[in-house]
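Following our numbering, the numbering of the sequence shown begins with 1 at its first residue and continues without gaps.
For glycine and all other residues, C-beta sits at the position ideal for the given N, C-alpha and C.
Please read all numbers here as calculations on a predicted model, not as lab measurements.
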Amino acid sequence: MNRTIRRASVFCLLMVLALLVRATWVQGYEARALADDEHNRRNTIARYAQPLGDIIVAGSPVTGSKATGGGDLRYQRTYPEGELYAAVTGYSSQAYGATQLEGIYGDVLDGTDDRLKNPAGLITGEQAAPGNVLTTIDPGVQKAAYEALGGDKGAVVAIDPKTGRVLGMVSTPSYDPARISGTDDGDAWRELLDDPDKPLVNRALRQPLAPGSTFKLVVAAAALENGLYGSVDEATRSPAPYTLPGTSTVLRNENASAPCENASLRTALRYSCNNVFAKAAADLGQDKVKKMADAFGFDTEKLDIPVRAAQSLYPTGMDRAQTALTGIGQFEVTATPLQMAMVSAALANGGELAAPHLVSQVTDGDGSVLEETGDGDTKRVVAASTAEQLRSAMVTVVEEGTGTNARIAGAEVGGKTGTAQNGVDNSNTPYAWFTSYAKDAGSGKEVAVAVIVEDSGSARSEVSGNGLAAPIAQKTMKAALER
1 MNRTIRRASV FCLLMVLALL VRATWVQGYE ARALADDEHN RRNTIARYAQ
51 PLGDIIVAGS PVTGSKATGG GDLRYQRTYP EGELYAAVTG YSSQAYGATQ
101 LEGIYGDVLD GTDDRLKNPA GLITGEQAAP GNVLTTIDPG VQKAAYEALG
151 GDKGAVVAID PKTGRVLGMV STPSYDPARI SGTDDGDAWR ELLDDPDKPL
201 VNRALRQPLA PGSTFKLVVA AAALENGLYG SVDEATRSPA PYTLPGTSTV
251 LRNENASAPC ENASLRTALR YSCNNVFAKA AADLGQDKVK KMADAFGFDT
301 EKLDIPVRAA QSLYPTGMDR AQTALTGIGQ FEVTATPLQM AMVSAALANG
351 GELAAPHLVS QVTDGDGSVL EETGDGDTKR VVAASTAEQL RSAMVTVVEE
401 GTGTNARIAG AEVGGKTGTA QNGVDNSNTP YAWFTSYAKD AGSGKEVAVA
451 VIVEDSGSAR SEVSGNGLAA PIAQKTMKAA LER
């Protein structure tokens, strides 16, 4: 063999070896990545090759499937009460993917999760019968919250304080996921994307906003835990009005005639005295306030219930004046309704915060449990005595203070109102907040609820936590106690 032929042979051999290595690499190492690629049409075909498993509320499915009548996507997702449960389910769309529980448990719901397969199926890759996702949602609580919000733009979260079970989660304006579940829903999709009210955003979890005076509960907890004041009934050292430290800016109270000068924490919560909590935050310092906020769940990067909630934030790097403003839930403090429900839930549960969760079980098609979320996985946030004092003060808010619209006959109800500034120089309509808890001594049932009303169409002068948010919380809590 001459030199030219030998070189050509070696080169061809090397090319063949390179192809073999590449093919082995693609089929072995990159196979899973390619199979999971969102642009892989086979994944979509497999997902909709059979009826999907269901998302279950109180034993009944709130999702379904229907035959498409043609094409390679044989079935399409349906939602019998789509708008009511959209904040819980998310959507499963043949064109736009899947979100929330539909997305997180997509492999279980479409039957491709390996845990659903028998040994033969694991070898052959045959698609198994789909599984189901069982939620903690109570249908009565969900419906009460949804109907109470009505046409308002806002959100409600209801939690069982002892177990952490999310009993209700509503975001309005809502949308019907069935409108975008097919392949030819482009007009509906664009309409939802272009809607200035952003119905696709889950406001209960994914839109942290200034919590306003509801954050005063966190500051009060920090004041008691750090010994700034010995009890909720001890007089504070709080001039009214209060000048922010190092500035000439005077912070006034909404009710000029309220007895806020040197008011106790109980009185300050009752009348929502800005001077008391701004000064308390400044006296404590940002580190102590932040430590308390973080104990309640602020600044948690990965708060998964299992849908991931946006991070609620308590800022750092502030001067004393800015720290004072955080004491009334302003400056750069932000919170989701889930976070503010967690604050009330921890206080209602004796100072222990049960991990909030939306899913109780994931099962196969026969009901065998694949995953289970235990109730009552708790951590201590504040001492039991601190929680007891703050609950007592929250009851005063509802019975005699700014939260009277949350009263429920025969039940212990405590709460805190909030009206948060919105826009440059508070130029936009403020947000109305209410965070609360309710207990029925007879049945032992209890619930913690947070409500935000971003916009109700009311005049600016009519926006208040008691006027807009407390009645929604009251209806939600009442439904929870009656469940």
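Spatially closest choice to residue i from the options, by CA coordinates
i: residue 376; options: 83, 386, 354; result: 354
i: residue 64; options: 73, 71, 57, 52; result: 52
i: residue 468; options: 449, 432, 450; result: 432
i: residue 241; options: 162, 381, 252, 232; result: 252
i: residue 369; options: 130, 71, 93; result: 130
i: residue 243; options: 275, 281, 430; result: 275
i: residue 409; options: 379, 442, 184, 382; result: 442
i: residue 238; options: 139, 213, 231, 265; result: 265
i: residue 282; options: 312, 305, 247; result: 247
i: residue 75; options: 97, 170, 88, 50; result: 50
i: residue 87; options: 398, 158, 20, 324; result: 158
i: residue 449; options: 428, 329, 414, 440; result: 414
i: residue 397; options: 273, 455, 156, 280; result: 273
i: residue 399; options: 378, 471, 270; result: 270
i: residue 67; options: 213, 48, 99, 327; result: 48
i: residue 470; options: 436, 7, 222; result: 436
i: residue 380; options: 371, 390, 347, 366; result: 347
i: residue 225; options: 191, 138, 390, 263; result: 390
i: residue 336; options: 214, 104, 199, 183; result: 214
i: residue 105; options: 118, 91, 96; result: 91
i: residue 472; options: 136, 146, 11, 483; result: 146
i: residue 373; options: 163, 154, 260; result: 163
i: residue 199; options: 183, 175, 97; result: 175
i: residue 155; options: 386, 202, 179; result: 202
i: residue 303; options: 440, 357, 352; result: 357
i: residue 186; options: 78, 77, 96; result: 96
Residue i in three-state terms, based on DSSP
i: residue 11; result: helix
i: residue 314; result: coil
i: residue 117; result: coil
i: residue 284; result: helix
i: residue 74; result: coil
i: residue 146; result: helix
i: residue 102; result: helix
i: residue 132; result: strand
i: residue 365; result: coil
i: residue 388; result: helix
i: residue 192; result: helix
i: residue 358; result: coil
i: residue 242; result: strand
i: residue 304; result: strand
i: residue 467; result: helix
i: residue 161; result: coil
i: residue 139; result: helix
i: residue 216; result: helix
i: residue 198; result: coil
i: residue 377; result: coil
i: residue 276; result: helix
i: residue 51; result: coil
i: residue 17; result: helix
i: residue 455; result: strand
i: residue 325; result: helix
i: residue 228; result: coil
Beta-carbon spacing of residue i, residue j below 8 Å
i: residue 466; j: residue 403; result: yes
i: residue 331; j: residue 322; result: yes
i: residue 116; j: residue 364; result: yes
i: residue 172; j: residue 149; result: yes
i: residue 208; j: residue 310; result: yes
i: residue 195; j: residue 132; result: no
i: residue 333; j: residue 211; result: yes
i: residue 181; j: residue 93; result: yes
i: residue 314; j: residue 289; result: yes
i: residue 475; j: residue 216; result: no
i: residue 296; j: residue 218; result: yes
i: residue 307; j: residue 100; result: yes
i: residue 484; j: residue 235; result: The first residue shown for the chain is 1 and the last is 483, placing residue 484 beyond what the model contains.
i: residue 167; j: residue 197; result: no
i: residue 284; j: residue 220; result: no
8 Å contact criterion, which residue i and residue j should meet: CB distance rounded
i: residue 406; j: residue 434; result: 7 Å
i: residue 85; j: residue 57; result: 7 Å
i: residue 438; j: residue 430; result: At roughly 25 Å, the Cβ-Cβ gap does not stay under 8 Å, so residue 438 and residue 430 are not in contact.
i: residue 249; j: residue 286; result: Residue 249 to residue 286, Cβ: 18 Å. No contact.
i: residue 45; j: residue 13; result: At roughly 39 Å, the Cβ-Cβ gap does not stay under 8 Å, so residue 45 and residue 13 are not in contact.
i: residue 329; j: residue 401; result: That pair is no contact at about 17 Å.
Any C-beta of chain B under 8 Å from that of residue i
i: residue 351; result: This model lacks chain B altogether; it includes just one protein chain.
Suppose only complete runs of 3+ residues qualify. What are the beta strand (DSSP E) ranges in the stretch 398-451, listed by chain order? 412-420, 431-439, all fully within the stretch 398-451.
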